[in-house]
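J.:
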Amino acid sequence: MNICVIGTGYVGLVSGTCFADFGHTVICVDNNQEKIDRLNKGDVPIYEIGLDDLIRRNTKEKRLVFTTDLKKAVEGSLVIFIAVGTPAQEDGTANLDSVFAVAREIAGFINEYKVIVTKSTVPVGTGAKIKQCIDEVLERKVSPEYLNKNPEANSVKPKFAVISNPEFLREGSAIEDFMRPNRVVIGAESESAIAIMKDIYRPLYLFETPMIITSIETAELIKYASNAFLAAKISFINEMGHLCERLGANIDDLAKGMGLDKRIGSKFLHVSPGYGGSCFPKDTSALVHIAKAVDYDLKIVSTTIAVNDMQKEMMVAKVANVVGELKGKTIGILGLAFKPNTDDMRESASITIINGLQKKGAKIRAFDPAAMNEAKKILKNVIYCENAYDTIKDADALLLLTEWNEFRQLDLLKVKELLKQPLFIDLRNVYLPEKMKRMGFIYVSLGRST
Ligand SMILES: NC(=O)c1ccc[n+]([C@@H]2O[C@H](COP(=O)([O-])OP(=O)(O)OC[C@H]3O[C@@H](n4cnc5c(N)ncnc54)[C@H](O)[C@@H]3O)[C@@H](O)[C@H]2O)c1
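For any residue, its number in our numbering is found by taking its place in the sequence shown, counting from 1, and adding 25.
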């Protein structure tokens with residue numbers, strides 16, 4: 026099958042590469058020339074484990090190419106995936122400018138039947154609007170005025186189908202998630218387009234991957250509802266963390282005790298400095314606005330957002346509380362990305378926390394195994410260090426913000442020696458309080474009183 030994926034970000038690049046690995050012929054398109062040049066040189070612009078190898082293998086097999094030439098890509102493909110960004114706007118709604126710009130461009134180049142699929146996370150009703158937008162362009166292209174001016178143009182309006190196929194991959198395990206998804210959601214109106222989509226995902230039949238075939242609107246909503254539910258789980262456990270601290274209970278045991286109940290499940294019950302990333306913050310906020318537009322006040326999701334904002338702020342207060350006067354103090358920060366195994370800094374809790382600490386006069390030294398380049402674009406006046414130990418040298422406190430594996434195995438004796446005072450603030454509950462105390466640390470974590 027000839028496929029084109031528009032947008033070579035975290036979702037488009039992984040999807041396009043994995044489709045090629047399924048055996049399809051894939052053209053990945055982006056309007057960022059620099060990105061495409063890098064990809065054509067074999068330089069992968071994002072950090073995602075295993076992606077370089079997969080790209081190398083599939084480009085070598087000539088199943089995967091990168092271009093900025095959308096016309097050629099559209100004309101040569103039966104299925105066109107839209108995987109451009111849909112960031113939050115100032116008012117919290119999703120910005121769909123790129124999606125509609127791409128839809129209009131596609132419409133301009135449609136030469137024969139096409140299946141146009143939104144992989145981007147888009148508000149309910151966007152599929153219908155994309156269809157309308159493409160239809161309008163095609164109508165113009167078969168109008169007598171247009172045909173008069175363009176005698177070589179085709180006077181038959183080409184047919185197309187619009188599909189919603191939201192993506193659920195997680196950065197950091199994106200390839201595994203794409204290759205072995207829990208489910209594939211397909212929102213469609215046309216039987217023949219559904220058959221084409223099933224063909225694309227045929228390799229997943231081997232793993233008996235459930236396929237949800239539904240309306241476009243429901244597919245669009247499944248994505249938002251799933252992310253909002255997961256975000257709610259995180260905010261819930263973070264609130265339980267505060268309760269544990271006040272009641273002398275232990276959040277890790279509490280989460281385990283809850284999570285073993287199969288109706289609840291153990292995933293997303295880890296106490297944290299608050300969720301971040303490119304999806305949960307913008308998708309929860311977009312969902313609240315989607316509901317507002319139809320006169321419904323989505324209280325659980327609104328509260329989830331409020332609790333998350335509060336959680337990030339409370340982390341600043343927590344550090345200030347244990348360090349004391351922050352003016353002139355140095356905090357050594359381990360981990361900046363919103364989670365391990367990614368270089369994505371979008372909405373990372375580290376941003377609010379570092380800004381908050383700087384505002385109180387703290388000096389920040391920081392290290393992240395992958396996100397330093399991204400962090401430098403966002404976080405200013407930070408001393409970016411070579412490694413974990415360099416970061417904490419002569420610091421008044423160590424603050425563990427992202428639980429990269431290499432921070433789970435720190436040489437604690439060395440850590441103690443390097444710090445000005447043995448103050449270890451672990452906002453990911455990586456270490457054991459008793460052991461840390463035994464080693465002479467003043468150890469502070471979340472939701473654990475001992
Ligand atoms: N990042 C994730 O983990 C994830 C997971 C599931 C779903 N999603 C959704 O997928 C979508 C894409 O997210 P992302 O994180 O990959 O975004 P991204 O910002 O990493 O990538 C978007 C890409 O689209 C390109 N682009 C923008 N406008 C374009 C245009 N007119 N023509 C061609 N290319 C264009 C950009 O240059 C960029 O390379 C979003 O809607 C997001 O919500 C993201």
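Beta carbons: idealized from backbone N, C-alpha and C, even for Gly. Keep in mind that this is a model prediction, so the values were computed, not measured.
1. Do you know offhand how far GLY37's Cα is from ASN136's?
2. Below 7 angstroms, is the gap between the Cβ of ILE31 and the nearest heavy atom of ligand 1?
3. Any contact between the stretch 464 to 474 and the stretch 272 to 281? By contact I mean 3 or more CB pairs, one from each, below 8 angstroms.
4. With a Cβ-Cβ cutoff of 8 angstroms, do VAL109 and ILE61 count as a contact?
5. Taking all protein chains shown into account, decide if LYS144 is buried (16 or more other Cβ within 10 angstroms of its Cβ) or exposed.
6. According to DSSP, simplified to helix, strand and coil, what is THR234?
7. Could you tell me how far apart the beta carbons of VAL127 and VAL104 are, in whole angstroms, since I believe they sit closer than 8 angstroms?
8. Just the Cα atoms here: how many angstroms apart are TYR51 and CYS29?
9. Within 7 angstroms: the Cβ of ASP55 and any heavy atom of ligand 1?
10. Is CYS304 near ligand 1, going by C-beta to nearest heavy atom under 7 angstroms?
11. By a C-beta neighbour count over all protein chains shown, 10 Å radius and 16 as the cutoff for buried, is LYS364 buried or exposed?
12. State the DSSP-derived secondary structure class of GLN427, mapped to helix, strand or coil.
13. Need the endpoints of the alpha helix (DSSP H) that LYS324 sits in, please.
14. Decide if GLN434 is buried, meaning its Cβ has at least 16 other Cβ atoms within 10 Å, or exposed.
15. For ALA384, is the classification buried or exposed, using 16 other Cβ atoms within 10 angstroms of its Cβ as the cut-off for buried?
16. Looking only at C-alpha atoms, which of LEU361, GLY150, LEU404 sits nearest to PHE125?
17. Over what stretch of residues does the beta strand (DSSP E) that includes ILE358 continue unbroken?
18. Less than 7 angstroms between the CB of THR146 and some heavy atom of ligand 1, yes or no?
19. What residues are listed by DSSP as bridge partners for LEU89?
20. DSSP on ARG371, reduced to helix/strand/coil?
21. With DSSP collapsed to three states, give me the class of SER40.
22. Distance check for ALA153 and SER240, CA to CA, integer angstroms please.
23. So SER297 packs on ASP369, CB below 8 angstroms; how close in whole Å?
24. Tell me, please, whether the stretch 193 to 202 touches the stretch 75 to 94 by the rule of three or more beta-carbon pairs shorter than 8 angstroms.
25. Helix, strand or coil, according to DSSP, for GLY266 in the structure here?
26. Tell me whether ASP162 counts as near ligand 1, meaning its Cβ is closer than 7 angstroms to at least one heavy atom of that ligand.
27. Run through the stretch 379 to 406 for me and flag every whole alpha helix (DSSP H) of 4 or more residues, listed as ranges in chain order.
28. If contacts are defined as beta-carbon pairs under 8 angstroms, then LEU121 and VAL147 qualify, I think. What distance do you get, rounded to the angstrom?
29. Using three-state DSSP, classify THR84 as helix, strand or coil.
30. Indicate, with yes or no, if ligand 1 has a heavy atom lying under 7 angstroms from the CB of VAL210.
31. Applying the 10 Å Cβ sphere with the 16-neighbour rule, what's the burial state of ASN179?
32. Alpha carbon to alpha carbon, how far is MET236 from GLU214? Give it in angstroms, no decimals.
33. I need the straight-line Cα distance from PRO169 to GLU161, nearest angstrom please.
34. Assuming ILE211 is part of the alpha helix (DSSP H), what are its boundary residues?
35. Three or more beta-carbon pairs under 8 angstroms between the stretch 171 to 178 and the stretch 217 to 231, yes or no?
T.: In short:
1. Each residue's alpha carbon lies about 23 angstroms from the other.
2. Short note on ILE31: C-beta closer than 7 angstroms to some heavy atom of ligand 1.
3. At 8 angstroms Cβ cutoff, the stretches touch.
4. No, these two residues do not count as a Cβ contact at 8 angstroms.
5. Burial state of LYS144 is buried, judged by a 10 Å Cβ sphere holding 16 or more other Cβ atoms.
6. Here THR234 sits in coil by DSSP.
7. Between VAL104 and VAL127 the Cβ distance is about 14 angstroms, and since that is not below 8 angstroms, they are no contact.
8. Correcting the residue identity first, residue 51 is Val in this sequence and not Tyr. Their backbone Cα atoms lie some 6 angstroms apart in a straight line.
9. The answer is yes for ASP55.
10. Because some heavy atom of ligand 1 lies under 7 angstroms away, the Cβ of CYS304 counts as near it: yes.
11. LYS364 sits buried, since 16 or more C-beta atoms from the chains shown fall within 10 Å of its C-beta.
12. A quick correction: the sequence has Thr, not Gln, at residue 427. Per DSSP, reduced to three states, the secondary structure at THR427 is coil, with no helix or strand assignment.
13. Its alpha helix (DSSP H) spans residues 324 to 348.
14. Flag for GLN434 reads exposed.
15. Before going on, a small fix: residue 384 reads as Lys here, not Ala. LYS384 counts as exposed, since fewer than 16 other C-beta atoms from the protein chains shown sit within 10 angstroms of its C-beta.
16. Here the closest residue by C-alpha is GLY150.
17. Segment 355 to 359, the beta strand (DSSP E) holding ILE358.
18. Annotation for THR146 indicates a beta carbon within 7 angstroms of some heavy atom of ligand 1.
19. Looking at the DSSP assignment, LEU89 forms a beta bridge with VAL51.
20. Secondary structure of ARG371 (DSSP, three-state): coil.
21. Collapsing the DSSP output to three states places SER40 in a helix.
22. C-alpha separation (whole angstroms): 11 angstroms.
23. About 16 angstroms; that fails the 8 angstroms criterion.
24. The count of Cβ pairs closer than 8 angstroms, one atom from the stretch 193 to 202 and one from the stretch 75 to 94, reaches three, so the stretches are in contact.
25. Residue state, collapsed to three classes: helix.
26. Per the sequence shown, residue 162 should be read as Val rather than Asp. No, since every heavy atom of ligand 1 falls outside the 7 angstroms radius drawn around the Cβ of VAL162.
27. Listed in chain order, they are 397 to 403.
28. Your pair LEU121 and VAL147 checks out as a contact, with CB atoms roughly 6 angstroms apart and the cut at 8 angstroms.
29. It is helical.
30. No - ligand 1 has no heavy atom lying nearer than 7 angstroms to the Cβ of VAL210.
31. Per the 10 Å Cβ criterion, exposed.
32. Cα to Cα, GLU214 sits roughly 15 angstroms from MET236.
33. For PRO169 and GLU161, the distance between alpha carbons rounds to 14 angstroms.
34. No alpha helix (DSSP H) holds ILE211; the beta strand (DSSP E) holding it covers 209 to 212.
35. The stretch 171 to 178, when compared against the stretch 217 to 231, does not touch it at the 8 angstroms Cβ threshold.
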